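Respectively, the protein sequence lines represent chains B and Z. Here the first sequence stands for residues 10 to 263, where the numbers follow the working numbering. Here the second sequence stands for residues 61 to 389, where the numbers follow the working numbering.
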Amino acid sequence: MPDEKVVPEEPERWSTWTGRARGWMLKRLPPDRLLPEDQPSYVASWIYVFGMGAIASLVFVIGSGIVLALNGPAWYHVSALGHFVNSAHLWSVELLFLTMVVHLWGKYWMAAWRGGRALTWMTGAISFFASIGAAFTGYLVQTNFDSQWIAFEAKDALNAVGIGAWFSVTDLGQLLTWHIVLMPLAVGAIVALHVLLVRVHGVVPPIDAAESDAQLGGSAAVTVAEEPPTAPRPVTESAAAAEPALVAHQEVAR
Amino acid sequence: MSAFMGSRRRDDLASRPWTGRKRHYDLFKELTVGTLVIGIAVVALSAVFGSPDDRGMTLATWAKAAPADFVATATAELGRTSDSATYGPPYTRTQGASQTLGPIDLQSFSGVRIPIDTANDFVIRPLASVPTAQSAVALWRAAGTAQQTSWTDAYTKALAKAPGGSPTGVAAGPYGPVPALTGTLLGMARSGSLDGVIRSEGGFAGLDVTRPTLFLGDGAYFNDLAATLHLSGDQWGVMNETGDYPGQSWLWLFSLWYQIPAIGGAPNADVLAVGLIGLLSIALVLVPFIPGLRTLPRLIPIHRLVWRDYYAKRGTALRSRPRAALDDA
């Protein structure tokens with residue numbers, strides 16, 4: 010029977026910029042990693058829900074924001090429906106920050122930057138600050154007493170560091186551009202990059218995870234099951250082949 | 061410890077794709093369920109709590125509610141002694157008004173990019189279109205700066221001595237056209253026309269509200285109302301909003317600096333607060349590279365709670381496997 014093993018295409022096959030870009034992307038993020046149907050066994054905690062909760066909140070922030078933007082910044086003052094949509098915008102933002110902050114703290118205590126995931130952490134932190142900027146401009150375009158006062162107070166901080174001359178918090182036209190166009194683009198782009206990086210690198214394993222752990226199939230787990238892990242023991246493909254039980258165990262576990 | 065820096069090492073378990081046990085996972089299902097749950101929460105919170113919407117303050121509401129404060133402020137604008145008149149960049153050229161950090165003066169870097177002349181922008185130009193104010197405006201414009209300052213100083217002191225600061229209780233004195241100017245401006249503000257005139261100075265569309273905002277802020281009424289609504293800087297006002305709503309609670313750390321007397325009371329409080337929050341923000345982004353911060357999660361084992369299921373089953377799975385399989389291994 011002929012060997013039907015799929016041979017990966019050689020990099021030399023990509024002769025155009027487009028082809029090379031496709032090859033680069035497919036190498037780092039193949040479809041089964043982009044849209045996986047399984048996750049490592051340790052991905053079993055409520056803390057993982059909050060990242061998705063932040064994205065779900067962002068869906069409602071953007072949705073309610075689009076409705077408000079289409080009707081103009083003063084619509085919600087005179088319309089009951091507008092006021093409800095404004096309330097939905099406010100509460101989805103509150104939920105976005107609640108879930109994002111829990112997600113951030115969770116990832117900190119998980120030291121989620123390990124294993125080449127520093128950029129994932131950094132994009133997450135930057136998306137947090139971009140969201141603060143988006144929320145801040147949102148509070149400034151409320152066209153009510155709150156926005157008046159925030160503008161009056163915030164101008165001092167921005168002027169003191171030389172930003173206020175160009176980013177004027179008392180210029181509603183400028184602020185609407187920031188809040189409706191620039192900040193959503195910034196948040197959307199950085200969140201998308203963050204999510205893609207999560208998919209590229211996968212979910213970070215537990216801090217003390219070691220090759221000897223049962224869930225990795227390490228034989229040392231039989232003898233030191235409840236003991237603290239020993240030094241990591243590299244497992245290569247050849248090592249896995251030499252340990253049929255390890256492979257079989259993984260098959261069963263799936 | 062290099063694994064804690066976020067760098068990639070081939071022999072590091074965290075750097076390689078997970079080869080161990082896996083569990084079923086449906087990304088789209090989780091996203092759908094998450095969106096539904098958040099959607100229900102958003103609708104419920106919106107229906108039950110709504111959102112705050114206290115009407116904005118206008119020059120008209122201020123003039124009607126606190127005429128004495130309005131006239132005192134207008135006099136300060138005319139005499140160019142108000143906070144806005146002496147603000148410095150980007151509004152005025154006032155020497156020494158910038159907040160600095162040692163020799164660093166970022167505030168002056170932009171120059172006067174949004175020029176504000178409080179006497180002309182807030183008082184004289186709006187009154188120039190009022191027929192009954194023409195002679196007072198002409199008298200003011202014909203006088204020299206020293207004369208103008210003398211009139212406004214005298215009227216400011218007289219207002220301070222009058223009962224309740226009321227212009228009607230001011231004794232006769234050398235005030236020149238100042239009482240007529242401020243009195244007419246008060247009437248104009250009460251009628252509502254001053255809001256439109258000053259706002260239009262920022263352009264036909266009236267979207268730039270810098271001038272009316274600064275004018276309002278120079279008065280006591282605007283600031284007092286904000287304090288009543290727990291919005292002032294020493295009340296953690298940076299993160300509060302009107303009513304009993306969470307506000308921008310994520311700004312708590314920025315607001316915190318203003319509550320520390322050594323910072324909040326400093327003449328360059330804003331530079332210090334923005335500088336500190338800027339440094340801390342950079343630190344948060346660079347946590348994977350900062351010794352101590354990056355190792356804290358290992359030292360304080362909160363991760364044991366997150367992965368308690370994993371740690372609980374670290375050795376049990378293989379132990380329960382058939383002995384034969386282990387022997388084969």
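Heads up, the beta-carbon is just placed ideally off N, CA and C, and yes, glycines get one too. As the structure is a prediction and not an experimental result, all values here were calculated from the model.
What did DSSP end up calling B:L181 once you bin it into helix, strand or coil? Translated into positions along the first sequence, residue 181 of chain B becomes position 172. Three-state result, B:L181: helix.
Do Z:K82 and B:P49 have their beta-carbon atoms positioned less than 7 Å apart in this structure? On the first sequence, residue 49 of chain B is found 40 positions in, with the first residue counted as 1. On the second sequence, residue 82 of chain Z is found 22 positions in, with the first residue counted as 1. Yes, they are a contact pair.
What would DSSP say about Z:K373, mapped onto helix, strand or coil? Here residue 373 of chain Z refers to the residue found at position 313 when the second sequence is read from its first residue. Of the three classes helix, strand and coil, the one that applies to Z:K373 here is coil, per DSSP.
Anyone know if the C-beta pair for B:L184 and B:L225 falls short of 7 Å? For the purposes of this step, residue 184 of chain B is identified with residue 175 of the first sequence, where counting begins at 1. For the purposes of this step, residue 225 of chain B is identified with residue 216 of the first sequence, where counting begins at 1. Pairing B:L184 with B:L225 gives a Cβ-Cβ distance that is not under 7 Å.
Classification of B:W175 by the beta-carbon crowding that lies within 10 angstroms, buried from 16 upward: Along the first sequence, read from residue 1 onward, the residue named residue 175 of chain B stands at position 166. Exposed, by the Cβ-count rule.
Using a Cβ-Cβ distance under 7 Å, would B:G268 count as near chain Z? This structure cannot speak to residue 268 of chain B, because chain B is shown only from 10 to 263.
Bounding residues of the beta strand (DSSP E) (the contiguous stretch that carries B:D47): Translated into the one-based positions of the first sequence, residue 47 of chain B becomes position 38. If you look at B:D47, you'll find it in the beta strand (DSSP E) that goes D47 to P49.
Short of 6 Å in beta carbon distance, which residues of its chain neighbour Z:F275, apart from the five on each side in sequence? Order them along the chain. The residue you call residue 275 of chain Z lines up with position 215 of the second sequence. Excluding residues within five positions, the ones whose Cβ falls inside 6 Å are F182.
Short Cβ contact (7 Å threshold) for Z:A136 with Z:G225: Position 76 of the second sequence holds residue 136 of chain Z. Position 165 of the second sequence holds residue 225 of chain Z. Taking 7 Å as the Cβ cut-off, Z:A136 and Z:G225 do not qualify as a contacting pair.
Residue from B:G28, B:M61, B:Y85 and B:V94 with nearest C-alpha to Z:V103: Along the second sequence, one-based indexing puts residue 103 of chain Z at 43. When each option's Cα is compared against that of Z:V103, the closest is B:V94.
Cα-Cα separation, B:L79 to B:Y85: On the first sequence, position 70 is the one that residue 79 of chain B refers to. On the first sequence, position 76 is the one that residue 85 of chain B refers to. Whole-angstrom Cα-Cα distance: 11 Å.
In the DSSP assignment, find the alpha helix (DSSP H) that holds B:H188 and state where it starts and stops. The residue you call residue 188 of chain B lines up with position 179 of the first sequence. Segment: none, B:H188 is in no alpha helix (DSSP H) and carries neither H nor E.
For Z:L245 and Z:W296, I'd like the C-alpha separation in whole angstroms. For the purposes of this step, residue 245 of chain Z is taken as residue 185 along the second sequence, with counting starting at 1. For the purposes of this step, residue 296 of chain Z is taken as residue 236 along the second sequence, with counting starting at 1. Straight-line Cα distance between these residues: approximately 35 Å.
Positions along the region 74 to 90 of chain B whose CB lies within less than 9 Å of some CB in chain Z: Those residues of the region 74 to 90 of chain B that come within reach of chain Z (Cβ to Cβ, closer than 9 Å) are Y85 and H86.
Z:S290 - containing beta strand (DSSP E), residue span: Within the second sequence, numbered from 1, the residue matching residue 290 of chain Z stands at position 230. The residue asked about is misnamed: residue 290 of chain Z is His in this sequence, not Ser. Per DSSP, Z:H290 belongs to no beta strand (DSSP E) and is neither H nor E.
Alpha-carbon to alpha-carbon, Z:Q194 and Z:D330: Indexing the second sequence from 1 puts residue 330 of chain Z at position 270. Indexing the second sequence from 1 puts residue 194 of chain Z at position 134. A direct Cα-to-Cα measurement between Z:D330 and Z:Q194 gives close to 42 Å.
Since Z:K89 meets chain B, which of its residues come closer than 8 Å, beta carbon to beta carbon? Residue mapping note: residue 89 of chain Z aligns to position 29 of the second sequence, counting from 1. Taking a Cβ-Cβ threshold of 8 Å, none of the residues of chain B is close to Z:K89; the smallest such distance is about 10 Å.
Check distances from the C-beta atoms of the region 252 to 275 of chain Z to those of chain B and list, in chain order, the residues that come in under 9 Å. G262, G263, A265, G266, L267, D268, V269, T270, R271, P272, T273 and L274
How about Z:V347 and B:I56: are their beta carbons less than 7 Å apart? As a working mapping, residue 347 of chain Z is identified with position 287 in the second sequence. As a working mapping, residue 56 of chain B is identified with position 47 in the first sequence. Cβ atoms of Z:V347 and B:I56: not closer than 7 Å.
Less than 7 Å between the beta carbons of Z:T302 and Z:I174, yes or no? For the purposes of this step, residue 302 of chain Z is identified with residue 242 of the second sequence, where counting begins at 1. For the purposes of this step, residue 174 of chain Z is identified with residue 114 of the second sequence, where counting begins at 1. Their beta carbons are not under 7 Å apart, which means Z:T302 does not touch Z:I174 by this criterion.
What first and last residue would you give for the alpha helix (DSSP H) that runs through B:R126? What you label residue 126 of chain B is simply residue 117 of the first sequence in a count that begins at 1. It is not in any alpha helix (DSSP H) - B:R126 carries neither H nor E in the DSSP assignment.
Report the CB separation of B:G124 from B:V212 in whole angstroms; it is logged as a contact under 8 Å. Counting from 1 along the first sequence, the entry for residue 124 of chain B is found at position 115. Counting from 1 along the first sequence, the entry for residue 212 of chain B is found at position 203. Not a contact, Cβ separation roughly 10 Å.
Inter-stretch contact (C-beta, 8 Å, three-pair minimum) for the region 212 to 224 of chain Z and the region 278 to 296 of chain Z: No: fewer than three Cβ pairs fall under 8 Å.
Let me check one thing: in DSSP terms, what residues is B:H98 bridge-paired to? The sequence position of residue 98 of chain B within the first sequence is 89, counting from 1. Per DSSP, none; premise fails for B:H98.
Nearest to Z:G204 (by Cα), restricted to the options Z:M248, Z:G236 and Z:D165: As a first step, residue 204 of chain Z is located in the second sequence; it is residue number 144 there, counting from the start. Here the closest residue by C-alpha is Z:G236.
Go ahead and pull the three-state DSSP assignment for Z:I362. Residue 362 of chain Z sits at position 302 when you count from the first residue of the second sequence. Z:I362: coil per DSSP, three-state reduction.
According to the Cβ coordinates, are B:T132 and B:I199 closer than 7 Å? Counting from one through the first sequence, the residue named residue 132 of chain B turns up at place 123. Counting from one through the first sequence, the residue named residue 199 of chain B turns up at place 190. Yes. Within cutoff.
Considering Cα atoms alone, identify which of B:L194, B:V58 and B:A163 is closest to B:S140. As a position in the first sequence, residue 140 of chain B is number 131, starting the count at 1. The shortest C-alpha separation from B:S140 is found at B:L194.
Flag B:F138 as yes if its beta-carbon sits less than 7 Å from any beta-carbon of chain Z, otherwise no. As a working mapping, residue 138 of chain B is identified with position 129 in the first sequence. Chain Z contact via Cβ: present.
Chain B contacts made by the region 305 to 331 of chain Z, where a contact means CB separation under 8 Å: Y305, P306, Q308, S309, W310, L311, N328, D330 and V331
Where Z:V230 and Z:A222 are concerned, what is the direct C-alpha to C-alpha distance, given to the nearest angstrom? Position 170 of the second sequence, counted from the start, is the residue given in the question as residue 230 of chain Z. Position 162 of the second sequence, counted from the start, is the residue given in the question as residue 222 of chain Z. The straight-line gap from Cα to Cα measures roughly 5 Å.
Identify the residues that DSSP records as bridge partners of Z:Y84: which are they? Here residue 84 of chain Z refers to the residue found at position 24 of the second sequence. Looking at the sequence shown, residue 84 of chain Z is not Tyr but His. In DSSP, Z:H84 forms a bridge with B:D47.
Give the range of the alpha helix (DSSP H) segment to which B:R31 is assigned. On the first sequence, residue 31 of chain B is found 22 positions in, with the first residue counted as 1. Segment W26 to R37, the alpha helix (DSSP H) holding B:R31.
Near B:P238, which residues of its chain fall below 8 Å by C-beta distance, leaving aside the five closest residues on each side in sequence? Residue mapping note: residue 238 of chain B aligns to position 229 of the first sequence, counting from 1. Caution applies to B:P238, whose pLDDT of 39 falls short of 50 and renders its modelled position unreliable; the value that the coordinates give is listed next. Once the five neighbours on either side are set aside, the close Cβ partners of B:P238 are D217, A218, A219, S221 and D222.
By the three-class DSSP mapping on this structure, what secondary structure does Z:I176 have? Taking the first residue of the second sequence as 1, we reach residue 176 of chain Z at position 116. Three-state DSSP puts Z:I176 in coil, outside helix and strand.
Step through the CB atoms of chain B and report whether any lies within less than 7 Å of the CB of Z:L378. Sequence index remark: in the second sequence, residue 378 of chain Z carries index 318 (1-based). A caution first: Z:L378 carries a pLDDT of 45, below 50, which makes its placement in the model unreliable, though a value can still be read off. Judged by the 7 Å Cβ criterion, Z:L378 is in contact with chain B.
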